[in-house]
Amino acid sequence: MGRRSRAAELCRRAIGWCDYIRAYRLLAELELPGEDYLHVLARVHAYVRPATYVEIGVARGKSLALLRAGTRAVGIDPEPRLERPPGPSTRIFAETSDEFFARHDLTAELGGERVRMAFIDGLHHFDFALRDFMNLEPHCEPDSLIFVHDCHPLDERTAAREQTTAFWSGDVWRLVGLLKRHRPDLSIHTIATRPTGLGLITRLDPASRVLRERLPGLLAEGLATGFDSLAGRKAQALNLFPNDWTELRALLGRSLTDR
Ligand SMILES: C[S@@+](CC[C@H](N)C(=O)[O-])C[C@H]1O[C@@H](n2cnc3c(N)ncnc32)[C@H](O)[C@@H]1O
Numbered sequence: 039m040g041r042r043s044r045a046a047e048l049c050r051r052a053i054g055w056c057d058y059i060r061a062y063r064l065l066a067e068l069e070l071p072g073e074d075y076l077h078v079l080a081r082v083h084a085y086v087r088p089a090t091y092v093e094i095g096v097a098r099g100k101s102l103a104l105l106r107a108g109t110r111a112v113g114i115d116p117e118p119r120l121e122r123p124p125g126p127s128t129r130i131f132a133e134t135s136d137e138f139f140a141r142h143d144l145t146a147e148l149g150g151e152r153v154r155m156a157f158i159d160g161l162h163h164f165d166f167a168l169r170d171f172m173n174l175e176p177h178c179e180p181d182s183l184i185f186v187h188d189c190h191p192l193d194e195r196t197a198a199r200e201q202t203t204a205f206w207s208g209d210v211w212r213l214v215g216l217l218k219r220h221r222p223d224l225s226i227h228t229i230a231t232r233p234t235g236l237g238l239i240t241r242l243d244p245a246s247r248v249l250r251e252r253l254p255g256l257l258a259e260g261l262a263t264g265f266d267s268l269a270g271r272k273a274q275a276l277n278l279f280p281n282d283w284t285e286l287r288a289l290l291g292r293s294l295t296d297r
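So for the sequence shown, our numbering puts the first residue at 39; every next one is plus one.
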């Protein structure tokens, strides 16, 4: 009925009584209106048409199914449960991302081509997402795009490291602050798309060793960052970007050289 703040308040009350996934989903729609992350990613694939793509966390293959013909892809997941066989240009590695990067040369697995686009959507812990980013970046070009799911938490319960709710984005949000503080050279945005936001990291430096060298300190710093660090400043802390295709396309156009 157009009374969004009242609806959000009712959702929060319902969530206060029990773990009610429908209330969380509705709250996500109210806080992050517009297309969901899969629609946004589909638009990006259609616009960018990346030559190569890497997905960490493929699950049933919903986001992997967005690939366009002509994209050579690698999917990594210790328990892939694809509902349809992957396309002829996609290879699935049934390993954790840490195992994959320890055992394989990603560029070689992509036929000698560097990563043009990646989607990090594995375990919902910031330290895993951080290592995934750290391991992907050396295989990218400076204008490659790295997306990270679950950067916009709805509340403290669903943003915790331990999963106690069916709707859970974990503490991936901690990655945004860490990268902003330690890699100010990167361009970092969180697209306000439901259910839990989509990080977009560009202006990469494949030669950077900053994260690798600071890794133990980064893990400690991330763990010490409380959810209250977002209080009253979530949009600013996460560099929230509107869920608007015209604006996102302009951002992508600026990020991609030769366009
Ligand atoms: C949220 S699902 C991915 C959803 C998928 N990207 C989509 O949008 O349709 C997360 C997946 O990450 C996988 N996963 C968990 N730990 C992982 C790890 N260490 N490395 C890679 N994938 C992992 C899980 O097996 C699960 O299938």
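Think of the CB as a built atom: it goes at the ideal place given N, C-alpha and C, for glycine as much as any other residue.
All values derive from a computational prediction rather than experimental measurement.
Worksheet entry | Rounded Cβ spacing between T240 and S225 (contact assumed at less than 8 Å) | As a position in the sequence shown, residue 240 is number 202, starting the count at 1. As a position in the sequence shown, residue 225 is number 187, starting the count at 1. Their Cβ separation, rounded to whole angstroms, is 5 Å, which keeps T240 and S225 in contact under 8 Å.
Worksheet item: Closer than 8 Å: is that where the CB of V96 sits relative to any heavy atom of ligand 1?
Response: One-based indexing of the sequence shown puts residue 96 at position 58. Flag set: Cβ of V96 near ligand 1.
Worksheet item: Are the segment 207 to 226 and the segment 238 to 254 touching by the rule of at least three beta carbon pairs closer than 8 Å?
Response: A contact between stretches requires three or more CB pairs, one per stretch, nearer than 8 Å, and the segment 207 to 226 meets this requirement with the segment 238 to 254.
Worksheet item: Tell me which same chain residues have a C-beta within less than 8 Å of the C-beta of L79, skipping the five on either side of it?
Response: Within the sequence shown, the letter at position 41 stands for residue 79. Result list for L79: S101, L104, F157, F185 and L236, in chain order.
Worksheet item: If you draw a straight line from the C-alpha of P191 to the C-alpha of S207, how long is it?
Response: Sequence index remark: in the sequence shown, residue 191 carries index 153 (1-based). Sequence index remark: in the sequence shown, residue 207 carries index 169 (1-based). Rounded to whole angstroms, P191 to S207 spans 6 Å at the Cα level.
Worksheet item: Which residue from G40, E47 and V82 puts its Cα closest to that of L65?
Response: As a working mapping, residue 65 is identified with position 27 in the sequence shown. Its Cα nearest to that of L65, the residue E47 stands out among G40, E47 and V82.
Practice prompt. Using the DSSP secondary-structure output, state which residues sit across from L183 in a beta bridge.
Written response: Within the sequence shown, residue 183 is the residue found at index 145, counting from 1. DSSP, once it has assigned bridges, lists M155 as partnering L183.
Practice prompt. Look at D159 and D136 and say whether their C-beta atoms are less than 9 Å apart.
Written response: Looking up residue 159 in the sequence shown gives position 121. Looking up residue 136 in the sequence shown gives position 98. Their beta carbons are not under 9 Å apart, which means D159 does not touch D136 by this criterion.
Worksheet entry | For D266, three-class secondary structure by DSSP | The sequence position of residue 266 within the sequence shown is 228, counting from 1. Helix, per DSSP.
Practice prompt. Mark W211 as exposed unless 16 or more other C-beta atoms lie within 10 angstroms of its C-beta, in which case mark it buried.
Written response: Along the sequence shown, read from residue 1 onward, the residue named residue 211 stands at position 173. Burial call: buried.
Worksheet item: Taking the Cβ atom as the reference point for each residue, do A111 and T90 lie within a distance shorter than 9 Å?
Response: By 1-based counting over the sequence shown, the position of residue 111 is 73. By 1-based counting over the sequence shown, the position of residue 90 is 52. With contacts defined as CB atoms closer than 9 Å, A111 and T90 qualify as a contacting pair.
Item to complete: Out of A132, L276 and L168, state which residue places its alpha-carbon closest to the alpha-carbon of P254.
Response: Position 216 of the sequence shown, counted from the first residue, corresponds to residue 254. With distances taken between Cα atoms, P254 lies closest to L168.
Discussion item. For D282 and V82, I'd like the C-alpha separation in whole angstroms.
Written reply: Here residue 282 refers to the residue found at position 244 of the sequence shown. Here residue 82 refers to the residue found at position 44 of the sequence shown. So the two alpha carbons sit approximately 12 Å from each other.
Worksheet item: Contact check, C49 vs L68 under 8 Å by CB: the rounded distance?
Response: Taking the first residue of the sequence shown as 1, we reach residue 49 at position 11. Taking the first residue of the sequence shown as 1, we reach residue 68 at position 30. Taking C-beta atoms under 8 Å as the contact rule, C49 and L68 qualify, at a distance of about 7 Å.
Discussion item. Just to confirm the assignment, what range does the beta strand (DSSP E) spanning H163 have?
Written reply: The sequence position of residue 163 within the sequence shown is 125, counting from 1. Segment: none, H163 is in no beta strand (DSSP E) and carries neither H nor E.
Item to complete: Compare the C-alpha of K272 against each of G54, T228, D165 and T109 and name the closest.
Response: Residue mapping note: residue 272 aligns to position 234 of the sequence shown, counting from 1. Among G54, T228, D165 and T109, the Cα nearest to that of K272 belongs to T228.
Worksheet item: Using DSSP with H/G/I as helix, E/B as strand and the rest coil, what is R297?
Response: Locating residue 297 in the sequence shown gives position 259, where the first residue counts as 1. With a pLDDT of 43 at R297, under the threshold of 50, the modelled position of that residue is not reliable, and no figure is offered here.
Practice prompt. Any chance you could list the alpha helix (DSSP H) runs of at least 4 consecutive residues sitting entirely within the segment 185 to 233, in chain order?
Written response: 211 to 220
Discussion item. According to DSSP, simplified to helix, strand and coil, what is Y85?
Written reply: Taking the sequence shown and counting its residues from 1, the one referred to as residue 85 is at position 47. In this structure, Y85 counts as helix in the three-state DSSP scheme.
Item to complete: Assuming R141 and C178 form a contact by the criterion Cβ under 8 Å, report the distance between their Cβ atoms to the nearest whole angstrom.
Response: By one-based count along the sequence shown, residue 141 stands at place 103. By one-based count along the sequence shown, residue 178 stands at place 140. Rounded, the Cβ-Cβ distance is 20 Å, inconsistent with contact.
Worksheet item: Who does R110 pair with in a DSSP beta bridge?
Response: Against the sequence shown, residue 110 aligns to sequence position 72. The partner list for R110 (beta bridge, DSSP) reads T90.
Fill in: P118 versus G125: straight-line alpha-carbon distance, rounded
Translated into the one-based positions of the sequence shown, residue 118 becomes position 80. Translated into the one-based positions of the sequence shown, residue 125 becomes position 87. Cα to Cα, the separation comes out at about 15 Å.
Worksheet item: L120 by DSSP, collapsed to three states: which one?
Response: To locate residue 120, count along the sequence shown from 1; it is residue 82. It is coil, neither helix nor strand.
Practice prompt. Count the other CB atoms, across all protein chains shown, that sit within 10 Å of the CB of I53; report buried if there are 16 or more and exposed otherwise.
Written response: Counted from its first residue, the sequence shown places residue 53 at position 15. I53 is buried by the Cβ-count criterion.
Item to complete: Please list, in chain order, all residues of the same chain as A132 whose beta carbon is under 8 Å from its beta carbon, the five residues on each side excluded.
Response: Residue numbering aside, residue 132 sits at position 94 when the sequence shown is read from its first letter. So the qualifying residues of the chain are D115, P116, E117 and P118.
Discussion item. Determine whether the beta carbon atoms of L278 and M172 lie at a separation below 9 Å.
Written reply: As a working mapping, residue 278 is identified with position 240 in the sequence shown. As a working mapping, residue 172 is identified with position 134 in the sequence shown. No, the Cβ-Cβ distance between L278 and M172 is not below 9 Å.
Worksheet item: To the nearest angstrom, how far is it from the Cα of R60 to the Cα of P233?
Response: Indexing the sequence shown from 1 puts residue 60 at position 22. Indexing the sequence shown from 1 puts residue 233 at position 195. For R60 and P233, the distance between alpha carbons rounds to 12 Å.
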